[in-house]
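Student: For the sequence shown, this note's numbering begins at 1080 and goes up steadily by one. The C-beta atom is built at its ideal place from N, Cα and C for all residues, glycine as well. One structure, pasted below without further comment.
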Amino acid sequence: MSAKPEYLEFPRGFLWGTATASHQVEGSNANNNWAVWEQEPGRILSGHKAGLACDWWGGRWREDFDRAAATGQNAHRLSIEWSRVQPAPDRWDADALDHYRQMILGLIERGLTPMVTLHHFTDPIWLSELGGWENDRTPDYFQIYVRKVAGALGDLVNLWCTVNEPNVYAVYGYLEGLFPPGVKSLRRTLGVMAGLVRGHAAAYHAIHDLQPAARVGMANHYHDVQAANPNSPLDRWTARLISSLFNDFCPRAAQDGVLRFPWGRVRLPLAQNTQDFLGLNYYTREYCAFEPLRPGSLFHRRFFRADASISPTGFCANEPEGFYAALTWARSFGLPIIITENGAEDAADQFRPHYLAQHIAQAGRAIEAGYPIEGYFHWSLLDNFEWERGWTQRFGLWELDIETQERCKRSSADLYERICRSHQVPRRWLDGGDFSPFEYATDRQV
Ligand code: BGC
């Protein structure tokens, strides 16, 4: 048997990028539910606000897109702010659409393929006042907005993400109370997830009506959940329950048109086969133990592996095997896979290089095993407003000083550049141990 090659190779045309979201980077967003939420005392850690964020609305996207292009990236995933495009139910803002057009042209001019998300956690205030995603008519409102955007930008954009992480939006906003509107109800959480699937399906059809060749999907957050004790049937049961409700509910409905509530199934034929690719957001793996006294949290407790390396503020454990499990889950849908987010918060950039290298190595391993992976978008290009954690978590390849708007490159950006340019990573990164990232040639012809 011949030895395995020293490098894991990524295919020609592979998309190497970073991902961002409107509210987190644009600044001056005053007309969405987060702008309201940030005013309420106690909602955001340390009382932080998005404020000017990375000032992309003020034009600093130019310099940041320059940074992405100059460091070997060939794609970028950004999102459109619904509340800017449709500030009131009966009002459209042509200037806002034009602003996005300029940004997308800016990507294309720099050789960055745009991937555009239509809903990334924020809702216009007028929509929240109508009940947000609990209102049965919201999927129709969403479809109208999506038609407007696809009509205005479809000649430039071929890759669309309808909804970012419907499960996270619903669980954080309606179960854990961390996102607006701060509700804690399982029934309402699942109702919102169902509403978002309806919205996704409506958007999918709207885009395809206008742009038959477009590729449309969702960004699905997969949280790898393992039984704490694999020999315990109760731990296994609870891990399966959490995983199926959190991970499977939305993408399965978008595959076979069935919403699987714990209390019964609802058919949703319009949602059937509404993903052209499986968008995957992965951050970490957790272990799950059965807890008879915690019915409110579905009889479980979750924790990181005891000997795992944990990111500086505890957001994620470095669990590259969990990423392989996530990719295996993604492959089960029988669709091309695009990794729409993966990253870690680490202001000092000590943890990130290991996390980045080891996760991309797992993607390389999966490609070698025949998984149809087409792209990887690191979260994120530069530090940005991290939702209810405010500015306390720093996910950027570039550091942002929010007072001065100065950007400062972290060494992970150099590491990522090597990977993007060479389309390969050393196989030994799979083992984690020998981690010396910088020794192969850049600008390899592929
Ligand atoms: C979200 C991003 C967020 C990241 C880190 C993902 O769930 O899509 O908006 O910044 O996690 O928390």
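Note down, in chain order, each residue of its chain lying with its Cβ closer than 8 Å to the Cβ of A1396, except the 5 sequence neighbours on either side.
Tutor: T1363, R1364, E1365, F1383, R1384, A1387, S1388, I1389 and S1390
Student: Relative to the C-alpha of R1381, which candidate in A1368, G1422, G1210 and V1250 has its C-alpha closest?
Tutor: A1368
Student: Between the alpha carbons of A1167 and D1202, how many angstroms are there, rounded?
Tutor: Their backbone Cα atoms lie some 12 Å apart in a straight line.
Student: So, helix, strand or coil for E1496, using DSSP?
Tutor: helix
Student: Between R1139 and the ligand HEM, is there a pair consisting of the residue's CB and a ligand heavy atom that are separated by less than 7 Å?
Tutor: Looking for the ligand HEM in the displayed structure turns up nothing; the ligands present are the ligand BGC.
Student: Skipping 5 residues on each side, what residues in its chain have a beta carbon closer than 6 Å to that of A1520?
Tutor: Because A1520 carries a pLDDT of 49, less than 50, the predicted location of this residue cannot be relied on, and the following value inherits that uncertainty. Hits under 6 Å: none found.
Student: Kindly identify the DSSP beta-bridge partner or partners of F1456.
Tutor: G1096
Student: Can you have a look at W1239 and say buried or exposed, based on whether 16 or more other CB atoms are within 10 angstroms of its CB?
Tutor: buried
Student: For A1396, name the three-state secondary structure that DSSP assigns.
Tutor: strand
Student: Could you spell out where the alpha helix (DSSP H) holding Q1354 opens and where it closes?
Tutor: Per DSSP, Q1354 lies in no alpha helix (DSSP H) and is assigned neither H nor E.
Student: Which residue marks the beginning of the beta strand (DSSP E) containing H1303, and which one marks its end?
Tutor: Inspection of the sequence shows that residue 1303 is occupied by Asp rather than by His. From DSSP, the beta strand (DSSP E) with D1303 extends over R1294 to A1306.
Student: At which residues does the beta strand (DSSP E) containing Y1450 begin and terminate?
Tutor: For Y1450, there is no enclosing beta strand (DSSP E), as DSSP gives it neither H nor E.
Student: Given a cut-off of 8 Å, decide if E1424 and N1360 are closer than it, judged by their beta-carbon atoms.
Tutor: no
Student: So is the beta-carbon of F1474 under 7 Å away from any non-hydrogen atom of the ligand BGC?
Tutor: Yes - the ligand BGC has a heavy atom lying nearer than 7 Å to the Cβ of F1474.
Student: Using the three-state DSSP reduction, which class does F1200 fall into: helix, strand or coil?
Tutor: coil
Student: Using CA atoms only, rank isn't needed, just tell me which of L1377, R1267 and L1338 is closest to Q1351.
Tutor: Q1351 has its Cα closest to that of L1338, out of L1377, R1267 and L1338.
Student: Indicate the three-state DSSP secondary structure (helix, strand or coil) for G1343 in the structure shown.
Tutor: strand
Student: Who are N1243's beta bridge partners in DSSP?
Tutor: A1298
Student: Have a look at A1098 and N1308 and give me their C-alpha separation to the nearest angstrom.
Tutor: A1098 and N1308 have their C-alpha atoms some 35 Å from each other.
Student: Determine the direct distance from the alpha carbon of W1477 to that of D1462, and round the result to whole angstroms.
Tutor: For D1462 and W1477, the distance between alpha carbons rounds to 6 Å.
Student: Just how far apart, CA to CA, sit Q1103 and W1140?
Tutor: A direct Cα-to-Cα measurement between Q1103 and W1140 gives close to 13 Å.
Student: Measure from the alpha carbon of V1195 to the alpha carbon of each residue in N1246, A1282 and E1482, then state which is nearest.
Tutor: A1282
Student: Mapping the DSSP letters down to three states, classify H1438 as helix, strand or coil.
Tutor: helix
Student: Look up E1365 in the DSSP assignment and give the residues it is bridged to.
Tutor: V1304
Student: May I ask you to check if the CB of H1302 is nearer than 7 Å to at least one heavy atom of the ligand BGC?
Tutor: no
Student: If we count the other Cβ atoms within 10 Å of its Cβ and call it buried at 16 or more, is W1342 buried or exposed?
Tutor: exposed
Student: Under DSSP, the alpha helix (DSSP H) around P1312 begins and ends at which residues?
Tutor: For P1312, the enclosing alpha helix (DSSP H) covers residues P1312 to S1322.
Student: Can you name the start and end residues of the beta strand (DSSP E) that I1187 belongs to?
Tutor: I1187 -> not in any beta strand (DSSP E); alpha helix (DSSP H) instead, spanning A1173 to E1188.
Student: Excluding the 5 residues flanking F1378 on each side, which residues of the same chain have their C-beta closer than 7 Å to its C-beta?
Tutor: The residues are T1317, F1369, E1370 and P1371.
Student: Counting along the chain, where does the alpha helix (DSSP H) carrying Q1334 start and finish?
Tutor: F1328 to D1335
Student: From which residue to which residue does the beta strand (DSSP E) around I1418 run?
Tutor: That run of the beta strand (DSSP E) goes I1416 to E1420.
Student: What's the gap between the Cα of A1332 and the Cα of R1277?
Tutor: 9 Å
Student: Can A1426 be considered in contact with the ligand BGC, in the sense that its beta carbon sits closer than 7 Å to one or more heavy atoms?
Tutor: no
Student: Mark V1228 as exposed unless 16 or more other C-beta atoms lie within 10 angstroms of its C-beta, in which case mark it buried.
Tutor: buried
Student: Assign D1174 to buried or exposed, taking buried as 16 or more other Cβ atoms, counted over all protein chains shown, within 10 Å of its Cβ.
Tutor: exposed
Student: Do the region 1432 to 1439 and the region 1494 to 1513 meet, that is, are 3 or more Cβ pairs less than 8 Å apart?
Tutor: yes
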